[in-house]
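Trainee: Numbering of the sequence shown is given in our numbering, commencing with residue 60 and proceeding in unit increments.
Mind having a look at this structure? Questions to follow.
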Amino acid sequence: MVWIPFFSSSKPIDNQQHAPDRKSRKLCWEKRDEFFNCLDKINILNSLDPKNAKAVKDNCSSEKAEFEFNCATSWIEYFQEKRVAEYKRQMVIKESNESLK
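This is the structure we're talking about:
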């Protein structure tokens, strides 16, 4: 006999039986953008860095809570990691372009 665990989720968007619909994805992206705009205002790139935890909590806690509630759990860390990776990519491109001048 195989035991398959079932986990209950407090967030409807984490329901793995159905992919998030267009409306849910749009809301997630809006909340992500609001959170990232808040981070930009306080000059924080990486919200996953423990050194930034207090500043994020003090300045962007409501935006972060909305982002985390409205996005699938698997997307939250992905979006935050992608933000850092995209910034680093842009810096490499900028440095490359400057070295060609």
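The beta carbon of each residue, even a glycine, is placed where N, CA and C say it ideally should be.
1) Can you give me the Cβ contacts of His77 inside the same chain, cut-off strictly under 8 Å, excluding the 5 residues immediately before and after it?
2) CA-CA distance, Glu140 and Ser133?
3) Are the CB atoms of Cys87 and Ser156 within a distance shorter than 8 Å?
4) Which of the three DSSP states is assigned to Asp92 in this structure?
5) Closer than 7 Å by C-beta to Ile103: which residues in its own chain qualify, once you throw out the five before and the five after it? Chain order, please.
6) Return the first residue and the last residue of the alpha helix (DSSP H) that Lys147 is part of.
7) Kindly indicate the opening and closing residues of the alpha helix (DSSP H) around Ala114.
8) Would you mind sorting Lys85 into buried or exposed? The rule is 16 or more other CB atoms within 10 Å of its CB.
9) Give the straight-line distance between the Cα atoms of Ser120 and Ile152, rounded to the nearest whole angstrom.
Mentor: Taking the structure as given:
1) As a working note, residue 77 is residue 18 in the sequence shown. No residues qualify anywhere along the chain.
2) Position 81 of the sequence shown, counted from the first residue, corresponds to residue 140. Position 74 of the sequence shown, counted from the first residue, corresponds to residue 133. If I take the Cα positions, the gap works out to 12 Å.
3) Taking the first residue of the sequence shown as 1, we reach residue 156 at position 97. Taking the first residue of the sequence shown as 1, we reach residue 87 at position 28. For the record, residue 156 in the displayed sequence is Asn; it is not Ser. Result no, Cβ atoms of Asn156 and Cys87 do not sit closer than 8 Å.
4) Reading the sequence shown from its first residue, position 33 is the one you call residue 92. If DSSP states are grouped into helix, strand and coil, Asp92 belongs with the helices.
5) Indexing the sequence shown from 1 puts residue 103 at position 44. Taken in chain order, the residues that qualify are Asn111, Ala114 and Val115.
6) Residue mapping note: residue 147 aligns to position 88 of the sequence shown, counting from 1. Element bounds for Lys147: Thr132 to Ser158.
7) Taking the sequence shown and counting its residues from 1, the one referred to as residue 114 is at position 55. Counting along the chain, the alpha helix (DSSP H) containing Ala114 begins and ends at Ala112 to Asn129.
8) Counting from 1 along the sequence shown, the entry for residue 85 is found at position 26. Counting Cβ neighbours within 10 Å, Lys85 comes out exposed, since fewer than 16 surround it.
9) If you number the sequence shown from 1, residue 120 lands on position 61. If you number the sequence shown from 1, residue 152 lands on position 93. For Ser120 and Ile152, the distance between alpha carbons rounds to 32 Å.
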